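What follows is a set of notes on a single structure, which appears directly below.
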Amino acid sequence: MRSLLPALAAVLLAGCATAPPPLDARDGFMATLKGMCGQRFEGALSYAIDPNSEFANKTISTEVVCTADAVRMPVQVGENRSRTWIFTRPPAGLELRHDHRHPDGTPDTVTMYGGMAKEGGSARSQAFLADAYTAKLVPGAETNVWTVSLSQDGSVLTYRLDRHDKPRAEFVLKRVAG
390 MRSLLPALAA VLLAGCATAP PPLDARDGFM ATLKGMCGQR FEGALSYAID
440 PNSEFANKTI STEVVCTADA VRMPVQVGEN RSRTWIFTRP PAGLELRHDH
490 RHPDGTPDTV TMYGGMAKEG GSARSQAFLA DAYTAKLVPG AETNVWTVSL
540 SQDGSVLTYR LDRHDKPRAE FVLKRVAG
């Protein structure tokens, strides 16, 4: 009887164990991005509020570069290589920053704007709300929402900017070899 008690207690306690908490969508999104490390994406502007946008009629490409604490996507628009999207996972959430540089590598006056992901994203799509720094740096950008999504099969990366609840720009980039 004594030898049965510990075994019975173990079975009863195992039945009380709770399942591990589900993966936070922000962690899932970072894992999805990190799964894209080294991959290249190429495409074009699919929508712009301004048809004469600097992005119009130009190839847009990026290669996903991963470090221990960030996922960086240097964005090339035509011959312009001044932009990098930077995704990080600080304790407060999930962050997107836009790093703009001059050809000599010095920061542009309008750089490092972005914000934190809002609630309700998924492992494949997150929407980032403009923060106070962005609102101060970029006139009119206080309502910016950047949505970054990856298709279920991982072949299409979409970047969309909304301002004042209206679309301003969208890039659709497809995974390419090399």
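Counting from 390, one number per residue, gives the positions in the sequence shown under this note's numbering.
Where a beta carbon is used, it is the ideal one built from N, C-alpha and C, also for glycine.
Everything numeric in this text was worked out from a predicted model, so none of it was measured.
- Under a 10 Å Cβ-count criterion, R461 is classified as buried, with 16 or more other Cβ atoms of the shown protein chains found around its own Cβ.
- Around the C-beta of Q515, 16 or more other C-beta atoms lie within 10 Å, and the residue is accordingly described as buried.
- Our two residues, M505 and K563, have alpha carbons roughly 25 Å apart in a direct line.
- Between T477 and R490, the gap from beta carbon to beta carbon reaches 9 Å or more.
- The beta carbon of G509 sits closer than 7 Å to none of the beta carbons in its chain outside the five residues before and after it.
- Excluding residues up to 5 positions away in sequence, D488, H489, R490 lie with their Cβ nearer than 8 Å to the Cβ of P496 in the same chain.
- 9 Å or more divides the Cβ of V545 from the Cβ of S450.
- In the three-state reduction of the DSSP assignment, F560 falls in the strand class.
- Per DSSP, the beta bridge partners of G504 are L485, A519.
- Closest in alpha carbon position to R513, among K525, T547, E484, G482, is T547.
- In the displayed model, T532 falls within a helix according to three-state DSSP.
- The beta-carbon distance between F517 and V534, rounded to whole angstroms, is 7 Å. This is short enough to meet the 8 Å contact definition.
- Secondary structure of K555 (DSSP, three-state): strand.
- Separation of V453 and G543 (C-alpha to C-alpha, rounded to the nearest whole angstrom) is 13 Å.
- For R461, the enclosing beta strand (DSSP E) has its first and last residue at 459 to 466.
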